[in-house]
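K.L.:
Right, I'll just put the structure down here and ask away after.
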Amino acid sequence: MTHYLKKYEKGVLSVDSISEIREYLKLFAKKNDPLAQFLYAKIHDFPFGKNTKENTKIAITYYKKADKQNLAAAAGVLSKAYRYEDLNVSINYSKSRKYLNRMIEFGDTGLKADGCTELARIYYQPEDSSIKKDIHKAIMYLEKALDYKPNDGRILDFLGGLHEENGEYLKAVEAFLNSDNEQMYLKVAQWLLDGKKIPKNEEKAIQIILKVAASIKENYGPYGQGYMGSKNPIHMLNDLYCKKRISKSKIQEYYIDYWCDM
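Note that the sequence shown covers residues 1 to 262 in the UniProt record's numbering.
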């Protein structure tokens, strides 16, 4: 079993050599081993099962058997199946949420965080009429997700965006600055420069921009050539200089001599 599990984890189960593995896993799946049931389902799922009705039927049957034994990964697969019409099942948002909650209940911290994040998405952008948009519930689930994965930039960006939409800008700032997304840092810097959403603080804004600029310079060169972010910190610094909001000495090595003539 360990031999095949290692192959599965490495993603090297060949479509052409799965018959032997199926028979081997079937022995353990029939003995009610939840991990074997999950792998047996997986090896009948796409691409190994080639999406045939017979194979998808076996896959969903054994995912459900594994779920009944509280295997969170199986619950996660079933939640997606009923949400996106996978495995030849009809969309059923109620069942999808049921399995999502089971994934949260029995999963490790990573699965719990992922499940809470998905529930936040469901309440932020409802997919069926039984759920009304509830930004406060969405925020609650994202805060739960952060209990499991405190430094997850994806979750922090989502949470910051919801606080921003909700007009809670200081909370948005806290989330954005704890993220690893430099574009969110620059958004906060722009707010600090504008002074409309949060108290104006040009000194702090410039510190943030300079910090991001240092990272951009290291990866993209002195002027950030090729950097694809919607806000370029080096350009922001030069814009501020052209508007006489900061001195050339503050721009340091990021000064572009032709910028103000553009």
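Each residue gets a CB set at the ideal place from its N, CA and C atoms; glycine is no exception.
I'd like the list of long-range same chain contacts for A175, defined as Cβ closer than 7 Å, with 5 residues on each side in sequence excluded.
P.N.:
Contacts found: L156, L159, G160, H163.
K.L.:
Once you ignore the five residues that flank P141 on each side, which residues in its own chain have a CB closer than 6 Å to its CB?
P.N.:
Residue identity differs from the one stated: residue 141 is Tyr in this sequence, not Pro. Excluding residues within five positions, the ones whose Cβ falls inside 6 Å are C116, L119, A120.
K.L.:
Give the list of continuous alpha helix (DSSP H) stretches no shorter than 4 residues that lie fully inside the segment 169-234.
P.N.:
Within the segment 169-234, the complete alpha helix (DSSP H) runs of at least 4 residues are 169-178, 182-194, 202-220.
K.L.:
Would you grab the beta carbon distance between I216 and K250 for me? Rounded to a whole angstrom, and I think it's under 8 Å.
P.N.:
Contact doesn't hold; Cβ gap of about 17 Å is too wide.
K.L.:
Counting only the same chain and skipping the five closest in sequence on each side, list residues whose C-beta sits under 8 Å from that of A75.
P.N.:
The residues are D67, Y99, L100, R102, M103, F106, G107.
K.L.:
Tell me the DSSP secondary structure of I91 in three-state form.
P.N.:
In the structure shown, I91 sits in coil (DSSP, three-state: anything other than H, G, I, E or B).
K.L.:
Which stretch, first to last residue, makes up the alpha helix (DSSP H) that contains D45?
P.N.:
No alpha helix (DSSP H) holds D45; DSSP gives it neither H nor E.
K.L.:
Can you check which of these residues, D257, K26, D114, A72, is closest to K149 by C-alpha distance?
P.N.:
Of the candidates D257, K26, D114, A72, the one whose C-alpha sits nearest the C-alpha of K149 is D114.
K.L.:
How many angstroms separate the CA atom of H235 from the CA atom of H44?
P.N.:
So the two alpha carbons sit approximately 53 Å from each other.
K.L.:
Is P199 buried or exposed, if buried means 16 or more other CB atoms sit within 10 Å of its CB?
P.N.:
Under this definition P199 is an exposed residue.
K.L.:
I'd like the span of the alpha helix (DSSP H) that includes R154, first residue to last.
P.N.:
153-165 is the span of the alpha helix (DSSP H), which, as asked, contains R154.
K.L.:
Using only the alpha-carbon positions, how far apart do Y169 and S179 sit?
P.N.:
Answer to the nearest angstrom: the Cα atoms are 15 Å apart.
K.L.:
Got a sec, what are the start and stop residues for the alpha helix (DSSP H) N51 sits in?
P.N.:
No alpha helix (DSSP H) contains N51, which DSSP labels as neither H nor E.
K.L.:
So which of I131, E182, I135 has the shortest CA-CA distance to Y124?
P.N.:
If we check each option's Cα against that of Y124, I135 comes out closest.
K.L.:
How many Å lie between N201 and Q69 at the Cα?
P.N.:
Their backbone Cα atoms lie some 55 Å apart in a straight line.
K.L.:
Hey, I60 and A36: beta-carbon distance below 8 Å or not?
P.N.:
No, they are not a contact pair.
K.L.:
So the alpha helix (DSSP H) G107 belongs to, where does it begin and stop?
P.N.:
Per DSSP, G107 belongs to no alpha helix (DSSP H) and is neither H nor E.
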